[in-house]
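First up is the structure itself, then whatever we jot down about it.
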Amino acid sequence: MTWPEYLSRFHHERAGITETVLRRCVDQRGRTPYDWLGELTPDGGPVLDLACGSAPLWPTLSGHGYLGLDRSAAELAQAASRGAGPLVRADAAALPLAGGTVRLVVCAMALMLVAPLPHVLAEIARVLAPGGRLVAIVPATRPLAARDVPVAAGLLATLGRLPYPSDAPPADPTGVLAQAGLRLERDQAQRFSYRLTSRAEADTLLESLYLPSVSPPRVRAARAYLHTLARIGASVPVPIRRLLAISPT
């Protein structure tokens, strides 16, 4: 199964699961990853929520000329059910927008899934108005607290390293953004955590992961491990990276 086929099936069967998990992830100040992303979004629009999923950012951005875009009909149905809109079903690599018409592009936990990434970034740069912003969050490997290390090691032992279609942004995204005509303004990482208090919460966390190449025995081992963590009320670290890029004026 190809990555596009896997992602299409995943989001059809599990629409909204990414938001469910990230809403439970908090940092030491009580912020969710969506709150953290929202801190860099200026007033005014229009705003494009790229790969919007169930539209968790819509409540924050709805008054700023919001447009949600996603490839998944099931995710867009979830978004519509909360009143989000307008919404459009389209590919991030072929945005149905005129050039220079958007002041802000937000992308929550999806840049690592879109491919080819340089082409998608070029599309973002094309639709951004001069001085417009791209604000994105993506998975990270750090920061971790000392207590996180054994928890993360257990997950790594059962599931292995989890790749993504773009497996990006790279360690230094300055170059790939510059190729698209965007200037990296900020590159920050923050530790969030997902507290496990039940087997159901452990199952939801596992089911939110993209595991196209992980064997069923390894998935079962990871589930058993997470159930053990839930019995002791452990927290799973969820480090996240936040990128801010600017379109030239």
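So the sequence shown is numbered by my numbering: it starts at 1177 and just counts up by one.
C-beta atoms are modelled at their ideal positions from N, C-alpha and C, and glycine is treated no differently.
Can you check DSSP and say which residues form a bridge with residue i?
i, result
"Pro-1415", "Arg-1367"
"Ala-1284", "Ile-1313"
"Gly-1351", "Paired residues: none, contrary to the question."
"Asp-1225", "Gly-1244, Val-1282"
"Leu-1360", "Ala-1421"
Does residue i come out as helix, strand or coil in the three-state DSSP assignment?
i, result
"Pro-1434", "Outside the displayed span of the chain (1177 to 1425) sits residue 1434, for which this structure offers no information."
"Gly-1275", "coil"
"Leu-1338", "coil"
"Val-1390", "coil"
"Val-1421", "Checking the sequence, you will find Ala at residue 1421 rather than Val. Ala-1421: strand per DSSP, three-state reduction."
"Val-1202", "strand"
"Ala-1266", "coil"
"Gly-1307", "strand"
"Arg-1426", "The question about residue 1426 has no answer, for the chain in this structure spans 1177 to 1425."
"Thr-1373", "coil"
"Gly-1214", "helix"
"Asp-1379", "helix"
"Gly-1192", "coil"
"Asp-1324", "helix"
What's the call for residue i, buried or exposed, on a 16-neighbour Cβ count within 10 Å?
i, result
"Gly-1244", "buried"
"Ile-1313", "buried"
"Thr-1334", "buried"
"His-1187", "buried"
"Ile-1416", "buried"
"Asp-1225", "buried"
"Pro-1209", "buried"
"Ala-1376", "exposed"
"Met-1288", "buried"
"Glu-1251", "buried"
"Met-1285", "buried"
"Val-1410", "Reading the sequence as shown, one finds Ala at residue 1410 and not Val. Ala-1410 comes out buried."
Whether or not the stretch 1286 to 1304 and the stretch 1321 to 1335 are in contact is what I'm after, with contact meaning three or more pairs of Cβ atoms, one per stretch, closer than 8 Å; do they touch?
no
If contact is defined by three or more beta carbon pairs under 8 Å, each pair taking one atom from either stretch, is the stretch 1344 to 1361 in contact with the stretch 1391 to 1404?
no
Does the structure place the stretch 1363 to 1376 close enough to the stretch 1188 to 1202 that three or more beta carbon pairs sit under 8 Å?
yes
Stretch pair the stretch 1264 to 1273 + the stretch 1229 to 1248: three plus CB contacts closer than 8 Å
yes
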